[in-house]
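Asker:
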Amino acid sequence: MRTVPSIIHLDMDAFFAAVEQASKPSLRGKPVVVGGLGGRGVVSTASYEARRFGVHSAMPMAQARRLCPNAAFLTGRFEAYRRNSEIVMALLRERSPLVEPLSLDEAFVDLEAGPYGPALRDAGPGEGAQLVLAVAEDLRADIVEHTGLTASVGAAGSKLMAKIASEQAKPDGLVLVGVGTERDVLSPMPVRALPGIGPATEQALRRAGLTTVADLAAAGPEELVQLLGRAHGAGVHAMALGLDDRPVVPDRDAKSVSVEDTFEVDLADRDRILREIDHLAARCVRRLHATGRSGRTVVLKVRRFDFSTLTRSETLRGPTDDEEVIASTARRLALQVDVTGGVRLLGVGVSQLADFTQEDLFAQLERAERAEREEREESEPEPVAAEAVEEPPAARRWWPGQDVTHAELGPGWVQGSGVGRVTVRFETPDSPPGRVRTFAIDDPELEPSGPLALRPGVE
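Under our numbering, think of the first position of the sequence shown as 9, with each following residue one higher.
#1: What's the gap between the Cα of D286 and the Cα of L318?
#2: Taking only the alpha-carbon atoms, compute the straight-line gap between G418 and S104 and give it to the nearest angstrom.
#3: Buried or exposed: where does S439 fall if 16 or more other Cβ atoms within 10 Å of its Cβ makes it buried?
#4: Under the criterion of a Cβ to heavy atom distance below 6 Å, does V233 qualify as lining the ligand ZN?
#5: Since I believe L213 is in contact with L235 (beta carbons under 8 Å), could you give me their beta-carbon distance rounded to a whole number of angstroms?
#6: Identify every run of the beta strand (DSSP E) within the segment 202-227, keeping only runs that are complete inside it and at least 3 residues long; order them along the chain.
#7: Tell me which residue opens and which closes the alpha helix (DSSP H) that H414 is part of.
#8: If I measure Cβ to Cβ from A276 and keep anything under 6 Å in the same chain, skipping five residues before and after, which residues do I get?
#9: How far does the beta strand (DSSP E) with I16 in it reach, from first residue to last?
#10: On the three-state DSSP scale, how would you describe L45?
#11: Whose C-beta lies closer than 7 Å to the C-beta of P441 among residues of the same chain, with five residues either side of it excluded?
#12: T328: buried (16+ other C-beta within 10 angstroms of its C-beta) or exposed?
#13: Got a sec? Which residues, its chain only, sit under 6 Å from F23 by beta carbon, not counting five neighbours each side?
#14: Below 8 Å on the Cβ atoms is my guess for M69 versus G43; work out the distance and round it to an integer in Å.
#15: Which whole-angstrom value is the C-beta distance of L361 and V265, which I expect to be below 8 Å?
#16: Classify T155: buried if its beta carbon has 16 or more other beta carbons within 10 angstroms, exposed otherwise.
#17: For G458, does the count of other Cβ atoms within 10 angstroms reach 16, so buried, or fall short, so exposed?
#18: Can you tell which of R215, R283, P203 and A208 has the C-alpha that lies nearest to the C-alpha of A248?
#19: Of the choices S31, R60 and V193, whose alpha-carbon is the least far from that of R463?
#20: Using CA coordinates, which residue listed in R254, G228 and D253 is at the minimum distance from A242?
#21: Please state whether DSSP places S457 in a helix, a strand or coil.
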């Protein structure tokens, strides 16, 4: 057992929305909702200003628009979130080599494994707690300095209590749970405060008259096992007593990389489905490249019109990060699925990840086969057409929140687009709120661009 609350849990405050507000001065202090903007999209993150209207993550975007119609509704910018997450994780690793990321915006840190370890191990409980508080406050100040973003931190003697403490600290706060006070902190809390207790489990416990963590502790393991099953019941009882000896495990590897899209109108045309799979494969490969990984198993996910969900997978002879290989494999998998009636969601993923890519014979084969097809098509006589009709180029699509650069006006972001026009606000993270201009969607001087650093000189 630890005598000092030397495990901390850091959780960035409304991370995606906070990055958007830090990037866009005109949105600071205003409600911002990030997520899928289609009719079936869901909220990824809502700023605290939007949460006051009842908007929360995983809510249907249509409901969020009804609750907070004046919010800025933006698509996610994964590259911006990843860059700022890397800055935060690097600051955590300065405090300890034992950093366990749970997501882009959340991690556990074991301070006893870092440079403060000897002082923490030699300190008494009171002196050690004060040192942890000082380290945590210094960490939060560094995050603000490097990103302009705020974080909430919980400190305790276990991962369970550190996580609960960080929830109590939100937003932009710090809460420490002293070793030996776990039962006092947990007892008055509702059962939903414990990780792993969702609405269904809460209802089962409520029917048995168990509404607080103190009730769970008093019920005993036998009753909870009878209510919830052996593994879950025993685990819930241990948490209710504040018992948790899980170590902080550094750099937990992701088991897969995947992307998916839900469509406003069900897709029934197989050619259109295959084109969407190509787009998803390209996005999946960009994520693979961003993490420096490759994968051996390609997975296709299909949710049909009746909400039934099918997955198909194919394992290659070696890991790959080649877009052609992943796209062609996913297309083959799609041909195994009955899409009669329409498809509402498609996903492409790669699992069995590796840190390397073998000489990609699969990619070479795919390219050779494509070249052979193209050569064969070129050698075939062209059919005689009544009149050659030149197809117009596809119109560029602009997404709310997207980073852009204008040849004359510089960097900005898309506020909205439609009827052949795109509206852009020109501002940067360190500028005042910028002016708005409208352009044709195919204006040659307007181009997509990458995210800017939230702090000048910090990449």
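No residue lacks a Cβ here, since even glycine has one placed at the ideal position from N, Cα and C.
Since we're looking at a predicted model, the values are computed, not measured.
Answerer: Here's the rundown:
#1: Position 278 of the sequence shown, counted from the first residue, corresponds to residue 286. Position 310 of the sequence shown, counted from the first residue, corresponds to residue 318. If you take the alpha carbons of D286 and L318, they lie about 18 Å apart.
#2: Numbered from its first residue, the sequence shown carries residue 418 at position 410. Numbered from its first residue, the sequence shown carries residue 104 at position 96. Roughly 40 Å between the two C-alpha positions.
#3: Here residue 439 is taken as the residue at index 431 of the sequence shown, counted from 1. Looking at its Cβ environment, which holds fewer than 16 other Cβ atoms inside 10 Å, S439 is exposed.
#4: No copy of the ligand ZN appears in this structure; indeed no ligand is present at all.
#5: Along the sequence shown, one-based indexing puts residue 235 at 227. Along the sequence shown, one-based indexing puts residue 213 at 205. Yes, L235 and L213 are in contact; Cβ-Cβ is about 7 Å, under 8 Å.
#6: none
#7: Taking the sequence shown and counting its residues from 1, the one referred to as residue 414 is at position 406. Careful: H414 lies outside any alpha helix (DSSP H), inside the beta strand (DSSP E) at D411 to H414.
#8: Position 268 of the sequence shown holds residue 276. The answer, listed in chain order, is G350.
#9: Locating residue 16 in the sequence shown gives position 8, where the first residue counts as 1. Looking at the DSSP string, the run of the beta strand (DSSP E) that includes I16 is I15 to M20.
#10: Sequence index remark: in the sequence shown, residue 45 carries index 37 (1-based). The answer is coil: DSSP assigns L45 none of H, G, I, E or B.
#11: For the purposes of this step, residue 441 is taken as residue 433 along the sequence shown, with counting starting at 1. Within the same chain, P441 has close Cβ partners P33, S34 and E435.
#12: For the purposes of this step, residue 328 is identified with residue 320 of the sequence shown, where counting begins at 1. T328 is buried by the Cβ-count criterion.
#13: Position 15 of the sequence shown, counted from the start, is the residue given in the question as residue 23. Cβ neighbours of F23 beyond the five flanking positions: D113.
#14: One-based indexing of the sequence shown puts residue 69 at position 61. One-based indexing of the sequence shown puts residue 43 at position 35. The Cβ separation is near 6 Å, so the contact holds.
#15: For this step, residue 361 is matched to residue 353 along the sequence shown. For this step, residue 265 is matched to residue 257 along the sequence shown. Going by Cβ atoms, the distance from L361 to V265 rounds to 7 Å, so yes, they are a contact pair.
#16: Your numbering for residue 155 matches position 147 in the sequence shown. The residue in question, T155, is buried, as its Cβ has 16 or more Cβ neighbours within 10 Å.
#17: For the purposes of this step, residue 458 is taken as residue 450 along the sequence shown, with counting starting at 1. The residue is exposed, with fewer than 16 neighbouring Cβ atoms inside 10 Å.
#18: Stepping through the sequence shown from its first residue, residue 248 is reached at position 240. Ranking the options by Cα distance to A248, first place goes to P203.
#19: In the sequence shown, counting from the first residue as 1, residue 463 sits at position 455. Per the Cα distances, S31.
#20: Sequence index remark: in the sequence shown, residue 242 carries index 234 (1-based). The shortest C-alpha separation from A242 is found at G228.
#21: What you label residue 457 is simply residue 449 of the sequence shown in a count that begins at 1. Coil, per DSSP.
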